[in-house]
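Down below is the structure, laid out as structure tokens.
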Ligand code: TXA
Ligand code: MG
């Protein structure tokens, strides 16, 4: 049975977490984006455990989470642009892909043998744990591979019910969608995954163009190609008239969609607030999925701001499965 430790009630959560990590085992930890399944990024066995627990293909690299900018610099090459981005957005929901330092201690299994490394400094207790541990933590989202990311400790416990995973509970994640991932190049940025930090914010801080990955160069975003973030139900997007008996994920006041025939309606944000919608998305997807719908419909959601990331995750959830 997975074990939930409420960090507001158990003052020695830090000591417990450090103890598990030092043994080369994993913990689940809260971040501002989603819950992560974390292990010592310098320990090959710990990293192997993460891949195994998730059922994740080993060619899909992990993000190394750091507790300070100096820790990030020990493992990745930080030029002027990366420094600017880290200074502007860390700690926060931004992952930087930079050249991996050949003498850095992060295990090759974590980076799937790539010459680049993905680094992020999370906000809150996760950062404190990493700073205290004094080593980076590899942490993918704490869900089985290909499934919806967890935004509460209970979601994690459901994913890993049959394990003895220790789950640090810090309440629901504030942002609720995975970090923005950007690859830093000398003359441009490549947005590998949209998130709460938008491309216009990235462009404003660096004065560089923000491009999308080349369709032909799939390896630039190894985990981003297949169907992902998938519930069991079939998903249909941009629905303006909900079919009889379906589950409906609504957004806003309902002017965009005929909701009458839906069997069950959950609203991402009655007020039409995109940040609120992002924070609710995975929880609502999971809730409808648990009610056993064959079809989940989703109303149109604007693509401005974090709306781009919401639509990105929904498109993946609706993509044909293998
Ligand atoms: O918000 C987040 O980023 C969460 C929390 C726990 O920090 N983590 C997360 O990790 O979403 P994960 O493993 O679910 O997604 C990481 C993505 C994968 O799609 C992986 O392919 C990509 O980052 N990635 C990792 N290293 C990379 C690299 N060197 N180049 C390109 N993509 C990379
Ligand atoms: Mg994930």
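Numbering (the working numbering), first residue to last: 3 to 324.
Where is the CB? At the ideal position from N, CA and C, for every residue including glycine.
What residues are listed by DSSP as bridge partners for residue 299?
DSSP, once it has assigned bridges, lists 238 and 250 as partnering residue 299.
Helix, strand or coil: which one does DSSP assign to residue 45?
DSSP, read as helix, strand or coil, puts residue 45 in coil.
Do the segment 5-25 and the segment 153-170 touch if we need at least three Cβ pairs shorter than 8 Å?
yes
Where does the unbroken beta strand (DSSP E) through residue 20 begin, and where does it stop?
Segment 15-24 is the alpha helix (DSSP H) holding residue 20; no beta strand (DSSP E) there.
Please confirm whether any heavy atom of the ligand MG lies closer than 7 Å to the CB of residue 152.
no
For the ligand TXA, I want to know if residue 173 counts as a neighbour, meaning its beta carbon is within less than 7 Å of at least one of the ligand's heavy atoms.
no
For residue 323 and residue 43, I'd like the C-alpha separation in whole angstroms.
31 Å
By alpha-carbon positions, which one of 32, 234 and 152 ends up nearest to residue 132?
32
Same chain, Cβ closer than 6 Å to residue 291, neighbours up to 5 away in sequence not counted
Within the same chain, Cβ atoms closer than 6 Å to the Cβ of residue 291 are found at 233, 234 and 235, the five residues on either side in sequence being excluded.
Can we count residue 181 as close to the ligand TXA, meaning its CB is less than 7 Å from some heavy atom?
yes
C-beta contact flag for residue 89 and residue 65 at 8 Å:
no
Cα-Cα separation, residue 164 to residue 187:
42 Å
Given a cut-off of 8 Å, decide if residue 315 and residue 210 are closer than it, judged by their beta-carbon atoms.
no
Compute the minimum distance between the beta carbon of residue 77 and the heavy atoms of the ligand TXA, and state whether it is under 7 Å.
no
Length of the line joining the Cα atoms of residue 313 and residue 259
Per the coordinates, the alpha-carbon of residue 313 lies some 17 Å from the alpha-carbon of residue 259.
Ignoring anything shorter than 4 residues or poking outside the segment 72-98, list the alpha helix (DSSP H) runs there in chain order.
82-91
Residue 142 beta carbon near the ligand MG (any heavy atom closer than 7 Å):
Residue 142 has its CB nearer than 7 Å to a heavy atom of the ligand MG.
For residue 120, which residues in the same chain have their Cβ closer than 6 Å to its Cβ, ignoring the five residues on either side in sequence?
65, 97 and 99
Please find out if some non-hydrogen atom of the ligand TXA comes closer than 7 Å to the beta-carbon of residue 116.
yes
Check whether the Cβ atoms of residue 34 and residue 95 lie closer than 8 Å to each other.
yes
Taking three-plus beta-carbon pairs below 8 Å as touching, is the segment 17-28 in contact with the segment 47-63?
Taking 8 Å as the limit for Cβ pairs, the verdict is that the segment 47-63 does touch the segment 17-28.
Cβ of residue 306 versus every heavy atom of the ligand TXA: is any distance shorter than 7 Å?
no
CA nearest to the CA of residue 284, picked from 141, 194 and 174
Selected option, being the one with the closest Cα: 174.
Nonlocal neighbours in the same chain, by C-beta distance under 8 Å from residue 76, ignoring five residues either side:
103, 106 and 107
Is residue 122 near the ligand TXA, in the sense that its beta carbon is under 7 Å from a heavy atom of that ligand?
Within the cutoff, so yes.
Mind pulling the alpha helix (DSSP H) runs of 4 or more residues that sit fully within the segment 262-296?
276-292
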